[in-house]
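Single-structure report; data block below.
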Amino acid sequence: SAGDEGSKDALGKPLGPTPSQSRFQVDLVAEGPRKSCGDIGAAGKGGEEAKGRFRVNFVDPSAGGESPGEPGGGSSEGGNVSGVQNGGDTVMSEGSLHSGGHHHYYYDTHTNTYYLRTFGHNTMDAVPRIDHYRHTAADLGEKLLRPSLAELHDELDKEPFEDGYANGEEGTPAGDAAAAYTPDSKGVVKFGWIKGVLVRCMLNIWGVMLFIRLSWIVGQAGIGLSVLVIGMATVVTTITGLSTSAIATNGFVRGGGAYYLISRSLGPEFGGAIGLIFAFANAVAVAMYVVGFAETVVELLKENGTLMIDEMNDIRIIGAITVVILLGISIAGMEWEAKAQIVLLVILILAIGDFVIGTFIPLESKKPKGFFGYNADIFMENFGPDFRQEETFFSVFAIFFPAATGILAGANISGDLADPQSAIPKGTLLAILITTLVYAGIAVSVGSCVVRDATGNVNDTIVNELANCTSAACKLNYDFSSCQAGAGCHYGLMNNFQVMSMVSGFAPLITAGIFSATLSSALASLVSAPKIFQALCKDSIYPGFQMFAKGYGKNNEPLRGYILTFLIALGFILIAELNVIAPIISNFFLASYALINFSVFHASLAKSPGWRPAFKYYNMWISLIGAILCCIVMFVINWWAALLTYVIVLGLYIYVTYKKPADVNWGSSTQALTYLNALQHSIRLSGVEDHVKNFRPQCLIMTGAPNARPALLHLVHAFTKNVGLMICGHVHMGPRRQAMKELSTDLAKYQRWLIKNKMKAFYAPVHAEDLRDGGQYLMQAAGLGRMRPNTLVVGFKKNWRQGDMRDVETYINLFHDAFDVQYGVVVIRLKEGLDISHLQAQDLLSSQEKSPCAKDVIVKVDYSKKSETDTSIAFAPSSSERTPTPRKEEDEDGKTPTQPLLNKGRHFPSFCSSSSPLNVTDQRLLDASSQFQKKQGKSNIDVWWLFDDGGLTLLIPYLITTKKKWKDCKIRVFIGGKINRIDHDRRAMATLLSKFRIDFSDIMVLGDINTKPKKENIAAFEEMIEPFRLHEDDKEQEVADKMKEDEPWRITDNELELYKTKTYRQIRLNELLKEHSSTANIIVMSLPVARKGAVSSALYMAWLEVLSKDLPPILLVRGNHQSVLTFYS
1 SAGDEGSKDA LGKPLGPTPS QSRFQVDLVA EGPRKSCGDI GAAGKGGEEA
51 KGRFRVNFVD PSAGGESPGE PGGGSSEGGN VSGVQNGGDT VMSEGSLHSG
101 GHHHYYYDTH TNTYYLRTFG HNTMDAVPRI DHYRHTAADL GEKLLRPSLA
151 ELHDELDKEP FEDGYANGEE GTPAGDAAAA YTPDSKGVVK FGWIKGVLVR
201 CMLNIWGVML FIRLSWIVGQ AGIGLSVLVI GMATVVTTIT GLSTSAIATN
251 GFVRGGGAYY LISRSLGPEF GGAIGLIFAF ANAVAVAMYV VGFAETVVEL
301 LKENGTLMID EMNDIRIIGA ITVVILLGIS IAGMEWEAKA QIVLLVILIL
351 AIGDFVIGTF IPLESKKPKG FFGYNADIFM ENFGPDFRQE ETFFSVFAIF
401 FPAATGILAG ANISGDLADP QSAIPKGTLL AILITTLVYA GIAVSVGSCV
451 VRDATGNVND TIVNELANCT SAACKLNYDF SSCQAGAGCH YGLMNNFQVM
501 SMVSGFAPLI TAGIFSATLS SALASLVSAP KIFQALCKDS IYPGFQMFAK
551 GYGKNNEPLR GYILTFLIAL GFILIAELNV IAPIISNFFL ASYALINFSV
601 FHASLAKSPG WRPAFKYYNM WISLIGAILC CIVMFVINWW AALLTYVIVL
651 GLYIYVTYKK PADVNWGSST QALTYLNALQ HSIRLSGVED HVKNFRPQCL
701 IMTGAPNARP ALLHLVHAFT KNVGLMICGH VHMGPRRQAM KELSTDLAKY
751 QRWLIKNKMK AFYAPVHAED LRDGGQYLMQ AAGLGRMRPN TLVVGFKKNW
801 RQGDMRDVET YINLFHDAFD VQYGVVVIRL KEGLDISHLQ AQDLLSSQEK
851 SPCAKDVIVK VDYSKKSETD TSIAFAPSSS ERTPTPRKEE DEDGKTPTQP
901 LLNKGRHFPS FCSSSSPLNV TDQRLLDASS QFQKKQGKSN IDVWWLFDDG
951 GLTLLIPYLI TTKKKWKDCK IRVFIGGKIN RIDHDRRAMA TLLSKFRIDF
1001 SDIMVLGDIN TKPKKENIAA FEEMIEPFRL HEDDKEQEVA DKMKEDEPWR
1051 ITDNELELYK TKTYRQIRLN ELLKEHSSTA NIIVMSLPVA RKGAVSSALY
1101 MAWLEVLSKD LPPILLVRGN HQSVLTFYS
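What follows is the structure, encoded as structure tokens:
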């Protein structure tokens, strides 16, 4: 195949197959195979996920395109290896990409071939198709990689871009996706909306409550309030149903139900909290449904007089047996086909029908038990409330509400639906509607047929008319007044939970209905709790629960989760009190409903472009109201349970926030809202005028790679953290192509490094020809709106005399450029030096540990001669010198032995493993580089505020002392003054400082700044600058001019004479600094300014050198001469 266009000429032969000639072909291989290159011939085509490596295929052209020894070659249409150049695009032919691969792709050959051949066969560009948008680990089909931009756009002879990822999509290493995927469309059962959602939701919503609690609720609350209770519950569930529909239709939903919905939209913190609670609530729900079942059985036993021990213990025994049987069924993996669900639903509907028919057939035998058929008197009597045993409207609501839950049953199996987008909304909302109508209908009919109290005694008929008949039963010739008197009656709405079976035409059907309702709900909960828990554990949000993620068998059944659910359910069954269990569950379900509603509101609020649900009938404000209602209902149901739930959710939220695994990134609406807030505030900030009171030092630090000069970073961080902006500028020099590749990889890597090391800073890399250009780009373009740097921070170039003087010229011009754009300048010098990158390189070479993912290991070729390069920096060979060795298959994580790893910024300096012990200077350098991370203790910060630059020289030390590590340090201020007015100057300065409200421990006025420095120091200075002088007086005019033109940094005799006093002053200041400040922790001093064009860079560099040599860490500061301090309020 044509690996590159030049190969035709290079080989000097046409590319057709010549039997004699078998040759290497080097293809660029993207991370997956490129299906759209016209090579659709073979089905078993795989490309290993090698990130843009070279792959060498040994092609024997006579073999007709079948690469020897490579499985999956065969059956290619073209046969021979041909390369057709078509308008500059490369066409890969059949044989080119067959390499025995990890993935096998199955698809309909005919349509694809036709489609791709008519359009898109003559170009590498891929036509849009769904496989390009899949996740790598998707279980629905494989991810295909569209050709990366680099493959389409770069010149052909070099290797393409390393990464084939979409923005922010992580890839998994090749091994993960190695298992071939075979879609088995026959075996998979996909449900439609009726079987999948409607049936499940109705079964889950109609539970115990319908048959054995609804009549009691009507007795307590009366018909009117019962309908209100049902209506209120419906409002909450309907809003939640709408929200669920919105989230479920916003993209593909996997298993895990509510947990999946919430975690993928609100992020792992809420998702993790709710997943745990939702799974637990489902486990407890099993107990509730089983207790409901057991109550009915015990009732039957009681009627037949065959109780085992007593009522409570019988419920416990039967419940325990039932839950064991259910566990057996679920572990056996009973394929709960939709048919079984439908059978249960049929039984339920028959039972309801049975009850309705029964209400129309009043039997004499049932009258003593309180059932008289439809009667207006009974309706009127039962319309109002009659709360007993300290029940209230809200306590009744609390007991009913669990009957309305279960609306997520359809969403919970979203993975098994044929079209969840339409099924979940249709099924869920219709189920809510139907069940509500049935609940309300039964409440009304029970209320109009059955009186509240009945003795069940046939002899309580009234023989002679009583004068004062008030109750409906009395009017119907029954006297149940003995119940009022306090005798315990066992019949009527209030006392008999089994009213519905009494009323019904055929009582056993109601019992069957109860069994089917309770057992179907119990089994559904028993199956969904472990599934949700498994989904939660798979996401490894709680490291402790990792063991429950393991699935067994072909369906990946969470057996360990089943056992856990079983134990929880068993524990709650032993409580055996429905009315105690119900509120706890309700609160847990409500918490998850509240969060589902809230996540819809949140996602709409964040305006993320990815939030575009197919279901349109939702409204962010209604969802918010729904969320608030859920929270109110929680308190209504049970205030202590609600508080407990809130505490648990909050605790889990905080836990997950701190312990969150680093690789969890689901594009949640929390991330979207963070961005939106930042954006809106930045724009609002742009409208704010600057004011001197609000001045903040916003620093652009020329750090190079941030981990190369930690001391620089920590020191600047000390005065910008939570105060001002800090941008780490990094100028990449060298070949553009190489640098571009580094830019993209470094950006994510170093920003991560900064965050990991708790640096509140941004990383801004640029590519430029030299340091000066890069610095100009950064100074002009870095920042956003008002958040722009106003101060340039550089390290001192300590090896300037050994290096190329052109670098010094560049370095000094950086200062001039900064002053040109009104920046302040800060130069930081440590006598040991700042740059530790060569030490890190040495450390890494000695302990090259395997890194989990090729993205972290970046071969960093350091071409730069940055502001402070140490002489000993280790250079990597530039990419042109490096031999492009074909990478081996095994060489999975992108390292080849030929490439030294210079910066791998993952851990920050761990030099313990270094093979060679560090020499003394390196050890000192290392200690110095971490000195600002420690607590500074009681020492001095000496401020030599010699020239007024607007106050930056004073503001920086003040800001440093506000930080915790530096708070014990005292500021000493040094100023210049006349010998005869020292006291006056000191008082003036003290007044100024107290007006600025800056604490200081001492003010020194130096009267002897202008005395001449020591002879030996002057001599040393002259010796230092000797190599850089022009000596134009000793040369011919032309020669001197020519030399000055070629080497503009040379010092002329003229300027040396002109600036003699300034030179002496720098030398003298160094003497004074050594005398007064040699013990200070840090010195902040005014930076001397040199006039652009008048002072040569060598002389300026010499001034800085002589001023700051052999001192504690020193900051030479020069503001931009606009006030940054004010004493006005």
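According to the UniProt record's numbering, the residues represented by the sequence shown are 1 to 1129, in order. Just so you know, even glycine gets a beta-carbon here, dropped at the ideal spot from N, CA and C.
Residue i classed as buried or exposed, judged by whether at least 16 other C-beta atoms fall within 10 angstroms
| i | result |
| --- | --- |
| isoleucine 40 | Any answer about isoleucine 40 is weak, because its pLDDT of 37 lies below 50 and its placement is not dependable; what the coordinates show is given next. That one is buried. |
| histidine 110 | Annotation note: pLDDT 49 at histidine 110 (below 50); position unreliable, coordinate value reported separately. Exposed is the call here. |
| tyrosine 811 | buried |
| serine 365 | exposed |
| tryptophan 1128 | A small correction: the amino acid at residue 1128 is tyrosine; tryptophan does not occupy that position in the sequence shown. Classification for tyrosine 1128: exposed. |
| threonine 455 | buried |
| lysine 860 | Bear in mind that a pLDDT of 40 at lysine 860, under 50, signals an unreliable position, so the number given afterwards is only what the model happens to contain. Under this definition lysine 860 is a buried residue. |
| methionine 547 | exposed |
| histidine 730 | buried |
| histidine 602 | buried |
| phenylalanine 360 | exposed |
| aspartate 1110 | exposed |
Any non-hydrogen atom of the ligand HEM closer than 6 angstroms to residue i Cβ
| i | result |
| --- | --- |
| alanine 431 | With respect to the ligand HEM, the structure shown offers nothing to examine, as it has no ligands at all. |
Residue i, enclosing beta strand (DSSP E) - first and last residue
| i | result |
| --- | --- |
| lysine 1035 | Neither: lysine 1035 is in no beta strand (DSSP E) and is coded neither H nor E. |
| threonine 745 | Looking at the DSSP string, threonine 745 is not in any beta strand (DSSP E); the run it does join, the alpha helix (DSSP H), is 736-756. |
| alanine 764 | 762-767 |
| phenylalanine 572 | Element bounds for phenylalanine 572: not the beta strand (DSSP E) but the alpha helix (DSSP H), 559-573. |
| valine 692 | Note, valine 692: premise wrong, no beta strand (DSSP E); not H, not E. |
Candidates the options: closest to residue i by CA position
| i | options | result |
| --- | --- | --- |
| asparagine 412 | Ala472, Gly196, Leu1069 and Ile812 | Gly196 |
| lysine 660 | Leu203, Asp539 and Gln1122 | Asp539 |
| glutamate 1047 | Arg997, Ser1096, Gly951 and His1076 | Ser1096 |
| serine 226 | Tyr439, Ile309, Glu299 and Ile347 | Tyr439 |
| phenylalanine 280 | Gln822, Leu564, Asp985 and Tyr552 | Leu564 |
| histidine 1031 | Phe1021, Ala1020 and Met1043 | Met1043 |
| arginine 772 | Glu1026, Leu326, Asn813 and Ile755 | Asn813 |
| methionine 779 | Gly785, Arg786 and Asn790 | Asn790 |
| cysteine 537 | Ile828, Tyr260 and Leu685 | Tyr260 |
| leucine 1073 | Phe545, Arg134, Tyr542 and Pro1113 | Pro1113 |
| serine 1123 | Trp639, Val692 and Ala285 | Val692 |
| leucine 946 | Ser994, Ile1009, Ser1001 and Pro957 | Ile1009 |
| glutamine 802 | Val323, Pro1027 and Trp753 | Pro1027 |
| threonine 247 | Leu715, Ala718, Ser623 and Ile378 | The residue you asked about is not threonine; residue 247 is isoleucine in the sequence shown. Of the candidates Leu715, Ala718, Ser623 and Ile378, the one whose C-alpha sits nearest the C-alpha of isoleucine 247 is Ser623. |
Short CB-CB distance (under 7 angstroms) between residue i and chain D
| i | result |
| --- | --- |
| alanine 549 | The chain labelled as chain D is not found in the depicted structure, where only one protein chain is given. |
Continuous alpha helix (DSSP H) stretch holding residue i: start and end
| i | result |
| --- | --- |
| serine 930 | Unbroken run through serine 930: none, as it is neither H nor E. |
| methionine 787 | Per DSSP, methionine 787 belongs to no alpha helix (DSSP H) and is neither H nor E. |
| asparagine 940 | No alpha helix (DSSP H) holds asparagine 940; the beta strand (DSSP E) holding it covers 940-944. |
| valine 291 | 268-303 |
| methionine 502 | 499-503 |
| cysteine 631 | 620-637 |
| leucine 1115 | First-last for leucine 1115: 1114-1118, but that is the beta strand (DSSP E), not the alpha helix (DSSP H). |
Inset, instruction - Answer yes if the stretch 383-392 comes into contact with the stretch 195-215, meaning at least three C-beta pairs across the two stretches below 8 angstroms, and no otherwise. - result: no
Legend entry - Sufficient close CB pairs (3 or more, under 8 angstroms) joining the stretch 645-653 to the stretch 587-595: yes
Inset, instruction - Determine contact between the stretch 689-708 and the stretch 733-745, defined as no fewer than three beta-carbon pairs at a distance below 8 angstroms. - result: no
Legend entry - Touching by the beta-carbon criterion (3+ pairs, under 8 angstroms), the stretch 394-402 and the stretch 518-528: no
Inset, instruction - Specify whether the stretch 939-949 and the stretch 1070-1087 touch according to this definition: at least 3 beta carbon pairs, one from each stretch, less than 8 angstroms apart. - result: yes
Inset, instruction - Decide if the stretch 559-579 is in contact with the stretch 221-241; the criterion is three or more beta carbon pairs, one per stretch, under 8 angstroms apart. - result: no
Inset, instruction - Mind the definition here: the stretch 444-453 touches the stretch 301-318 only if three or more C-beta pairs lie below 8 angstroms; say whether that holds. - result: no
Inset, instruction - Taking 8 angstroms as the threshold, find out whether the stretch 234-247 comes into contact with the stretch 617-628 through three or more Cβ pairs. - result: yes
Inset, instruction - Ignoring anything shorter than 4 residues or poking outside the stretch 410-479, list the alpha helix (DSSP H) runs there in chain order. - result: 420-449 and 472-475
Legend entry - Cβ contact (3+ pairs, closer than 8 angstroms) linking the stretch 1095-1109 and the stretch 965-977: Short answer: they don't touch.
Inset, instruction - Taking 8 angstroms as the threshold, find out whether the stretch 790-807 comes into contact with the stretch 817-824 through three or more Cβ pairs. - result: yes
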